Amino acid sequence: MLALGFCFPAAADDIQDINKLFRQGQHEQAMGRVNTYLAGKPKDAQARFLKGLIFTEQGKTGEAIRVFSELTEDYPELPEPYNNLAVLYAGQGQYDKARIALEMAIRTHPSYSTAHENLGDIYAKMASQAYDRALQLDRNNAATQTKLSLIKDLFSGTAKSGKHGAAVQPEPATVAAPQPAAEPVAAVVAPAPAPVAPEKVAVATPEPPVPPVQAAAKKSSANSGNEVLKAVRDWAAAWSSKDVNRYLAFYAADFKTPGGEKRSDWEGQRRERIGAPKSISVNIRDARVKLVDDSHASVAFKQVYRASHLRNISGKTLVMVKSGGSWLIQEERSGK
Amino acid sequence: MRAFLLLFALVPPLGGAHAGELGGAPVSRNMETLLVESMLSVSSSKLDTAMTEVDSLLKINPKFKLAQLIRGDLLLARARPLNNLGNAPEAEARMEDFRDEARVRLQRFNEQPPTALAPKFLWQLDERQRHVIVVDTSKSTLYLYENDNGQPRYVADYYISTGKKGIEKVAEGDQKTPLGVYFVNANLPKNKLTDFYGSGAYPLSYPNEWDRRQGRNGHGIWLHGTPSDTYSRPPRASNGCVVLSNEDLENIGKVLQVGVTPVIIAGQMDWSGEQDQADRAALLKEIEQWRANWASLDTDRYLEHYAQNFSTGGMDFSAWARQKKQVNAGKSWIKVSISNISAFAYPTQPGLVVVSFEQDYASSNLSNRMKKRQYWMKQNDRWQIVYEGAA
């Protein structure tokens, strides 16, 4: 995983050790270790995340809020710090701040179920406050315990693939070096999703984060991979902006239409489908590029499609070919 | 608990079996309980429970607009946070009315009436007055009492709407509900009314003798129902009338007696205490003294029962005194007996009591029987008559 490529094995061990101390309740020692670690790597997301958790466990809510808050600023693509920030705000009865944080978490990761659940709880809490105000009910809402879930593992609750790595590093994709023949091994180690306790902020099951081990890809491959990804993003952007001509221009001359229909018929259907909804939004998640050679690649990703009232998440694979300096779509397959 | 309430709410509206006498909590109370419980569930952040509760209520009573609004809120709360009760931006102007109703319903739920106590205003019931109504505008509640051998016995209470501009009606069109002692004057059946009045209407005796004396005017203060598409209206919604749900109006309609049933409209309910009992005894004694002085043709002592601020039909105290002296001088004997006395303390004026009775008068040259009404006032520690006339 590129993301943690800068985590050398020793560093990963460090994080694991600190995590272990934290989970054993040895907060002082964990804090000492994490501070030492951060002295060398002040930007490290995992270490800072751990520091936030330690503060939380120590009841130093203000400090914890500051740590998670800064993490959201430095790594706005990570949903976990937003979620934990929300949990802390909710604990203080600051439901509106909690709501905003959770909405940010969901904006970065629409399928992030913990954040959805937490947001549902926040909405219920806010409905409660609204009714208490309307009915002039005098209750101490802040005192009632919220049941939001704190995330204990960065890159766990939502992790299915390399997207978290993507989040930590500016470059959001994982690129595998071309694999000659046989089984292409996915370069991504997906950590087992840690079970998130649905009730309360109680300590989650100790599950040390699996440090994603990643052999750095060859530079040239990485560049090609990035080009492919950029093409996929641009394709999604053209689709989202309902710019049909630009969208259709991403399809290669020898594009294999899904039903084997004539290219012109297929284009007609696409024009119609893309023209119909008021608005469309297509987001690419968890993209994984597999380079076959310098001019052939396939990209598998999760496609989050929203159009007016419809919302659909599906797996998609694009078979891409480089032609005249541009990566174009040769084949478009739905499903995993 | 939930199932229990639901069962109650499913009992069909009171039918013939209850005609003439009402028993148990009215169905409307159970609907109100379901409504309030759903609001309290929201207040405890239990939105799913609240939805189940409001759904079961709407199944029984789809015209309960406040319940529909809460259901809308609950649906909305799944997608975004609520800022208030009642989220219908295009109808925000009407939302405050619904919020008022929600608060009133909650208050009624929290403060069930002390059924063992008698309202302060009910001093003496005439035996023909089988029931009496007391309205508390501050709680948007109408209380129904039964005359149990002269003692008021609590029967039921109902949510009501009153004047949109408040209480203490003074003038025609001021959209306020009058406060005072009134009687049911008529019964207007549903088929003579527009849909707006619902299941019927009972005009009240506003403006009464005291209102006229205070210069208050206007007319058409009724007890009536709601339009067919509406279960209940907001607490402050009428042009001065007292509005009940149609079912509730039908229920009390069974016991209302035209020309007989008193309707006391108070800004605030109060309960009878020892001082009221003592005052009542003193007043009844004074009334008997008045009768005895009159019957014995002791005109001076008879006139001492009338206050200096007495007036009736354009006559002040001195004109009245002159006339009474003149009339009594022409009699060799008179007999006066009174019966069916009722007495109601005035809700807005401490020490003012509306007394009504049947008067049987016989004399050497004239006899008659009439219904009489007197307003007695305690001034300088003495009960005196400030108004007298035919009822």
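Each protein sequence line maps, in turn, to chains V and E. Position in the first sequence (from 1) plus 305 gives the number in my numbering. Numbering-wise, my numbering puts 301 at position 306 of the second sequence, and it's gapless, one number per residue. For glycine and all other residues, C-beta sits at the position ideal for the given N, C-alpha and C. It should be emphasised that the depicted structure is a prediction, and the values quoted were computed from it without experimental measurement.
Could you work out which residues of chain E lie near Lys430 of chain V, taking near to mean beta carbons separated by less than 7 Å?
Ser40
Would you say Ala385 of chain E reaches chain V, if we count a Cβ-Cβ gap shorter than 8 Å as a contact?
no
Mind listing which residues of the region 83 to 101 of chain E have their C-beta closer than 7 Å to chain V's C-betas, in chain order?
Arg94, Ala97, Arg98, Leu101
Measure the Cβ-Cβ separation of Leu407 of chain V and Asn388 of chain V and say whether it is below 8 Å.
yes
Would you list the residues sitting across from Val179 of chain E in a DSSP beta bridge?
E:Leu199
Look up Met365 of chain E in the DSSP assignment and say whether it is helix, strand or coil.
strand
From the DSSP output, in three-state form, read off Trp371 of chain E for me.
strand
Tell me whether the region 90 to 108 of chain E and the region 304 to 313 of chain E touch, counting them as touching only if at least three CB pairs, one residue from each stretch, are closer than 8 Å.
Short answer: they don't touch.
Whose Cβ in chain E lies nearer than 7 Å to the Cβ of Tyr436 of chain V?
Met34, Val37, Ser38, Leu80
Shorter than 8 Å from the beta carbon of Gln441 of chain V to some beta carbon of chain E?
yes
Which chain E residues sit within Cβ distance under 8 Å of Ser433 of chain V?
Val37, Ser38, Ser39, Ser40
Quick one: what's got a C-beta closer than 6 Å to Leu218 of chain E's C-beta in the same chain, skipping five residues either side?
Tyr197, Val237
Who are the neighbours of Arg611 of chain V on chain E, taking C-beta pairs under 9 Å?
Near Arg611 of chain V there are no residues of chain E at all, since even the closest Cβ is about 14 Å away, more than 9 Å.
Residue range of the alpha helix (DSSP H) that Gln284 of chain E falls in?
Unbroken alpha helix (DSSP H) run through Gln284 of chain E: 269 to 290.
What residues from chain V crowd round Arg75 of chain E, counting only those whose CB sits closer than 8 Å?
Tyr428
When the Cα atoms are used, what is the spatial distance from Glu368 of chain V to Gly620 of chain V?
40 Å
In three-state terms, what does DSSP make of Val587 of chain V?
strand
By the 10 Å Cβ neighbour count, where 16 or more other Cβ atoms means buried, how is Val253 of chain E classified, buried or exposed?
exposed
Near Arg211 of chain E, what residues of its chain come up, given a Cβ to Cβ distance below 6 Å and the 5 sequence neighbours on each side ignored?
If the five residues before and after Arg211 of chain E are omitted, its C-beta is found closer than 6 Å to the C-beta atoms of Val165, Pro202, all from its own chain and listed in chain order.
Using a Cβ-Cβ cut-off of less than 8 Å, give me the residues of the region 326 to 349 of chain E that come near chain V, in sequence order.
Taking 8 Å as the Cβ-Cβ cut-off against chain V, none of the residues of the region 326 to 349 of chain E qualify.
Whole-angstrom Cβ separation of Trp315 of chain E and Tyr301 of chain E, contact assumed at under 8 Å?
Between Tyr301 of chain E and Trp315 of chain E the Cβ distance is about 6 Å, and since that is below 8 Å, they are a contact.
Distance check for Ala435 of chain V and Val494 of chain V, CA to CA, integer angstroms please.
Note on Val494 of chain V: pLDDT 32, under 50, position unreliable in the model; the coordinate value appears next. Between the C-alpha atoms of Val494 of chain V and Ala435 of chain V there is a straight-line separation of about 45 Å.
My output table needs one value for Ser603 of chain V: the three-state DSSP class, helix, strand or coil.
Assignment of Ser603 of chain V by DSSP, reduced to helix, strand and coil, places it in the strand class.
List the residues of chain E that Arg404 of chain V touches, going by C-beta distances under 8 Å, in chain order.
Counting only Cβ-Cβ distances below 8 Å, Arg404 of chain V has contacts in chain E at Pro76, in chain order.
Between Pro387 of chain E and Ser156 of chain E, how many whole angstroms is the CB-CB distance? I'm expecting something under 8 Å.
The structure shown does not extend to residue 387 of chain E, since chain E is modelled only from -4 to 386, so the question has no answer here.
Could you tell me which whole beta strand (DSSP E) segments of length 3 or greater appear in the region 295 to 374 of chain E?
329 to 340, 347 to 358, 362 to 374
From Gly357 of chain V to Arg73 of chain E, what does the alpha carbon distance come to, in whole angstroms?
30 Å
Could you pull out every unbroken alpha helix (DSSP H) segment of at least 4 residues lying fully inside the region 538 to 564 of chain V, listed in chain order?
549 to 553
Would you say Ala72 of chain E reaches chain V, if we count a Cβ-Cβ gap shorter than 8 Å as a contact?
yes
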